[in-house]
Amino acid sequence: MLDSAGAASPDAAEDAALDALRALVRIPTVSRRQAEDVEEGVFERFHTELRTRFPLLHEHLELTRVGSAGLLFRWAGLSNNGAHRPVVLMAHQDVVPVEPGDPWQHDPFGAELVDGYVWGRGTLDDKGPLVAVCAAVESLLAAGFTPAQDVWLFFGCDEEVSGGSALAAVEELRRRGVEPWFVLDEGGAVASGVVPGIAVPLAVIGVAEKGVTNVELRVEGRGGHASVPARLGPTARLARAVTRIDAIKHPGYVPDATVEFFRRLTPYAPVIVRPLVKHAGRLRPLLASVLGRLGPEVSSMTRTTAVATTLSGSPALNVVATAAVAGVNVRVMVGDSVDDVLMRMRRAVADDQVTFEVVDHNEPCPLSPIDDDAFRLLETTVGTVFPEAVTVPYIMMAATDSRHFTPICPRIYRFAPLRMSKDQRAAIHSYDERVGVKDFHDGVTWYRRLLQNLA
């Protein structure tokens, strides 16, 4: 249905956006560390579907392919100042694999519409935001809108495996002399149940993210028959090392962003803890100690984490391993460093027969400004679309493609404008990932308002 100006009616536009999301979720764009393991042609199928669903975007925006399958669009702003303060909006096309045996209630690539939700891998991470951005741009183009400044859309293809498409996008922007005013990527959300005792939903905007480091622990030995095992063989020695790493109490840090996070929550906090929250800046050690006891989601906001994620040993039940290997994923807190964390791990393990190999490492990202026009623009837009939420900055625990943009932009923000319950957040990279239909439509509205508010 068209309105009097020739644009699709709001209901028709919403239906089209929802249909686009479902169509794109059905395409299993699973990224793999080895390029030959990626399903042949899957990203081309995604691109074709994206072009079909959003024809105006592809007609009016300039497209550059970056990396193996990354998409970088430029939407030219008003001619007099369009390139003055360009903005980059990001999302990624790829998703993590579905583990065999995970108890999904609905087909993870079926995009089924059940109980007011679209179910499927990528609905939250990160096809929901990607489609919401595209739908917002499509609707504005249909209305004849031109943004006040250049808007770049970057949709990476290998974020989940820390691939190179984001680096290629940065190099393309650098080649063109583009210095973004701010970059907005996935990260926080309009989240409920984040802090115990805080009933209001929080629009959490990441202003930094932890560094990501992966370490491989290895123990080698003679091996042999399992009927005559030697004491403390490779698997037992490795298990002891993993347990010791798990027991490390990494120091707590409460950077300025975390202080501001709690300062903004003061009116909503239980009376008994308001003095601590209100004066968080002067009570950082005490606050770090308290937060460390409030469960993994809150505790991880204040300290480095290290967890064994992969294990390998003997290929048979009756064979003692000649080599046992554990992969440890480390998220380095702002204020901490990779070298200090490795030193702690080695001291805790205290075993020369356990070797450490750093597979890759990244230091924490610098803090983006909070008392700044760009952050205030995001906050104002949140207040318009999600008036029930309190906007707060935070340190993001996960890694995003946006970390690669820090050399060309001092304002990197991480926020997906979708409501997410605690159960929904737990479903990311797990099973039963789903997005609420109304929440998805509100996400489209949020991006549209953001683009309209650029000045």
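Everything in the sequence shown is counted per my numbering, starting at 9 for the first residue and increasing by one. Don't be surprised by glycine CBs; every beta carbon is placed ideally from N, CA and C. Just so you know, these numbers come straight off a predicted model, no measurement behind them.
Helix, strand or coil at residue i according to DSSP, with G and I counted as helix
i, result
"Met428", "strand"
"Thr388", "helix"
"Met351", "helix"
"Tyr276", "helix"
"Asp475", "The requested residue 475 is not part of the displayed model; the chain covers only 9 to 463."
"Ser320", "strand"
"Val145", "helix"
"Leu71", "strand"
"Ala356", "helix"
"Ala382", "helix"
"Arg411", "helix"
"Thr313", "strand"
"His100", "strand"
"Ala151", "coil"
"Gly136", "helix"
"Ser46", "The sequence given here has Val at residue 46, not Ser. In this structure, Val46 counts as coil in the three-state DSSP scheme."
"Arg433", "helix"
"Val267", "helix"
"Leu64", "helix"
"Val122", "strand"
"Gly130", "coil"
"Val327", "strand"
For residue i, the first and last residue of its enclosing alpha helix (DSSP H)
i, result
"Gly451", "445-461"
"Val1", "This structure cannot speak to residue 1, because the chain is shown only from 9 to 463."
"Pro242", "242-254"
"Ala176", "173-183"
"Ala296", "292-299"
"Val285", "282-286"
Enclosing beta strand (DSSP E) for residue i [first to last residue]
i, result
"Val367", "363-368"
"Val191", "190-199"
"Glu396", "No beta strand (DSSP E) contains Glu396, which DSSP labels as neither H nor E."
"Thr60", "First-last for Thr60: 50-61, but that is the alpha helix (DSSP H), not the beta strand (DSSP E)."
"Glu224", "219-228"
"Val38", "Run containing Val38: none; DSSP gives neither H nor E here."
"Val208", "Taken as a continuous stretch (DSSP letters only), Val208 belongs to no beta strand (DSSP E), as it is neither H nor E."
"Val306", "Segment 304-307 is the alpha helix (DSSP H) holding Val306; no beta strand (DSSP E) there."
"Val126", "125-127"
"Leu161", "159-164"
"Arg419", "No beta strand (DSSP E) contains Arg419, which DSSP labels as neither H nor E."
"Phe81", "78-83"
Proximity of residue i and residue j at Cβ, strictly below 9 Å
i, j, result
"Tyr439", "Val38", "no"
"His369", "Val178", "no"
"Leu350", "Ala332", "no"
"Gly78", "Phe162", "yes"
"Val74", "Glu180", "yes"
"Gly195", "Thr392", "no"
"Ala156", "Leu458", "no"
"Ala119", "Ala31", "yes"
"Phe394", "Val139", "no"
"Tyr421", "Leu192", "yes"
"Val443", "Gly136", "yes"
"Gln202", "Lys430", "Correcting the residue type first, residue 202 is Val in the shown sequence and not Gln. Taking 9 Å as the Cβ cut-off, Val202 and Lys430 qualify as a contacting pair."
"Ala314", "Val262", "no"
"Thr388", "Val227", "no"
"Phe153", "Gln460", "yes"
"Ala329", "Val250", "no"
"Ala150", "Ala21", "yes"
"Cys165", "Ala28", "no"
Burial state of residue i (16 or more Cβ within 10 Å)
i, result
"Ile280", "exposed"
"Arg129", "buried"
"Thr56", "exposed"
"Val452", "buried"
"Arg239", "exposed"
"Ala255", "exposed"
"Pro116", "buried"
"Glu146", "buried"
"His92", "exposed"
"Pro242", "buried"
"Glu441", "buried"
"Arg61", "buried"
"Ser235", "exposed"
"His258", "buried"
Presumed contact (8 Å Cβ cut-off) between residue i and residue j, rounded CB distance
i, j, result
"Glu70", "Phe81", "7 Å"
"Glu217", "Ile416", "Not a contact, Cβ separation roughly 17 Å."
"Pro372", "Val336", "Rounded, the Cβ-Cβ distance is 17 Å, inconsistent with contact."
"Asn222", "Val357", "With 8 Å as the limit, Asn222 and Val357 do not qualify as a contact, their Cβ atoms being about 16 Å apart."
"Val104", "Glu168", "5 Å"
"Ile213", "Thr72", "That belief does not hold up - the Cβ atoms of Ile213 and Thr72 are roughly 28 Å apart, past 8 Å."
"His100", "Asp123", "That belief does not hold up - the Cβ atoms of His100 and Asp123 are roughly 27 Å apart, past 8 Å."
C-beta neighbour in chain C for residue i, strict 9 Å
i, result
"His68", "No chain C is present in this structure, which holds just one protein chain."
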